[in-house]
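Residue numbers (the numbering used here), protein chains in the order written: chain A, 107 to 307; chain B, 107 to 307.
Protein chains: 2
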Amino acid sequence: MSGAPIAFYFDFSSPYGYLASERIDAIAAEFGREVLWRPVLLGVIFKTTGQSPLVSQNLRGPYHQRDMERSARKHGIKFALPDPFPFASIYACRIFYWLEARDPAAAKAYAHAVYRAAFTRNRSVSEAVDAIAVAVECGHDEAAVKAGMQEAAVKDRLRDETQAAMHKGVFGSPFVIVDGEPFWGNDRLGELREWLQTGGW
Amino acid sequence: MSGAPIAFYFDFSSPYGYLASERIDAIAAEFGREVLWRPVLLGVIFKTTGQSPLVSQNLRGPYHQRDMERSARKHGIKFALPDPFPFASIYACRIFYWLEARDPAAAKAYAHAVYRAAFTRNRSVSEAVDAIAVAVECGHDEAAVKAGMQEAAVKDRLRDETQAAMHKGVFGSPFVIVDGEPFWGNDRLGELREWLQTGGW
């Protein structure tokens with residue numbers, strides 16, 4: 107059983123996106139599916155939906171901080187909410203797309219490295235220098251990454267991917283689309299798995 | 107295995123609250139637990155959290171309409187989003203608490219009847235006359251219900267319950283608290299069941 111790749115939309119500053127990033131490939135692999143990772147700028151999307159980041163909201167914030175930790179424990183994923191939070195993710199996104207045009211596997215490895223730096227080691231990944239440092243640790247050339255992330259084509263690519271995601275209905279992170287069926291939230295990965303297993307309902 | 111009652115907070119105008127109402131008692135019963143039903147006015151809580159009803163939000167609205175139907179299908183629950191939506195639920199809430207002070211089982215039966223009228227038969231339950239009609243169909247005396255729902259003590263009770271819910275962190279519907287542990291959303295009932303089964307993680 108196999109099929110089209112699963113689209114995995116996320117923001118690097120999203121804790122639930124991080125939690126999903128640690129499980130999505132294994133779930134897809136069970137059903138012979140590839141995962142197309144698509145970092146986007148949720149802040150741009152929030153301007154359309156009128157949302158604000160979860161943890162800055164009354165009542166919702168404390169619940170979600172607790173829930174993030176509980177969700178991480180449930181799946182045995184190391185997790186600590188970074189400080190400051192939320193943080194800028196534009197440079198990591200640009201580096202991701204620059205890498206992806208050259209080597210999709212390297213881009214995915216870089217995404218894992220960014221997420222783990224931010225959500226397990228409280229390391230800043232928000233400034234350009236931080237985002238580059240993670241790429242260098244992944245084995246990439248500092249000067250090449252620095253030049254690459256400033257290319258107009260890379261900036262356009264990120265803008266286009268964010269717009270394309272919004273056109274597909276993406277309004278949060280993580281957001282997964284499989285065969286046209288959308289699933290929002292890390293807590294829907296179990297349901298996504300059932301969908302892949304049963305073909306839907 | 108048994109323990110303290112599970113608190114089930116919901117708004118009568120909440121589709122996900124309706125979906126949860128059809129499953130929560132059975133889940134609790136598996137573990138020898140009672141469920142304390144607590145209708146609240148989410149509109150009052152939204153003033154504190156700055157949220158707006160889901161289906162009126164860009165991008166989020168269409169997703170959630172689709173997801174409500176998908177979630178209902180998954181669990182074999184009859185569902186149709188009422189029109190207009192969302193609707194006022196204050197009269198149904200007042201009748202619930204008036205009934206509950208006399209007979210908790212009758213209050214729960216009334217809550218089921220209100221939810222099913224709204225979410226399976228597109229019947230209005232928002233005006234006082236509508237909310238009373240459902241109570242009459244449940245076997246209650248029209249004049250007694252009409253007088254009861256206007257009692258100052260009943261109005262105060264609803265206000266107090268909504269405030270108390272907010273103080274416990276309730277910001278959405280459904281919202282379940284078991285042994286101090288909060289679970290928001292119909293999609294967390296599976297996790298709630300695991301929590302009851304394992305004692306938490």
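Using N, Cα and C, we set each Cβ at its ideal position, and we do this for glycine too. All values reported here derive from a predicted model rather than from experimental measurement.
Using a Cβ-Cβ cut-off of 9 Å, Phe-277 of chain A is close to Gln-163, Asn-164, Leu-165, Arg-166 and Tyr-169 of chain B, given in chain order.
Uninterrupted beta strand (DSSP E) stretches at least 3 residues long and entirely within the segment 225-301 of chain A occur at 281-284 and 287-290, given in chain order. Judged by DSSP secondary structure, Arg-200 of chain B falls within the alpha helix (DSSP H) whose first and last residues are 196-208. Where Pro-188 of chain A is concerned, there is no enclosing beta strand (DSSP E), because DSSP gives it neither an H nor an E. Inter-segment contact for the segment 293-303 of chain B and the segment 274-285 of chain B is present: three or more beta-carbon pairs are separated by less than 8 Å. For Phe-193 of chain B, no beta strand (DSSP E) segment is defined, and its DSSP state is neither H nor E. Considering only A:Ala-259, A:Ser-230, A:Leu-125 and A:Asp-262, the residue with the shortest C-alpha distance to Glu-175 of chain A is A:Leu-125.
DSSP places Pro-111 of chain B in the coil class of the three-state scheme, outside both helix and strand. Counted as a single uninterrupted DSSP element, the beta strand (DSSP E) harbouring Arg-144 of chain B occupies residues 141-145.
Only exposed fits Lys-153 of chain A, as fewer than 16 other CB atoms lie within 10 angstroms of its CB. In the DSSP assignment, Arg-166 of chain B falls within the unbroken alpha helix (DSSP H) covering 166-180. Between the segment 270-278 of chain A and the segment 162-169 of chain B there are three or more C-beta pairs closer than 8 Å, enough to call the two in contact. In this structure, the alpha-carbon of Tyr-221 of chain B lies about 6 Å from that of Phe-118 of chain B. Annotated three-state conformation of Phe-152 of chain B is helix, per DSSP.
Exposure of Asn-164 of chain B is indicated by the presence of fewer than 16 other C-beta atoms within 10 angstroms of its C-beta.
Boundaries of the alpha helix (DSSP H) harbouring Ser-127 of chain A: 121-127, taken from the DSSP string.
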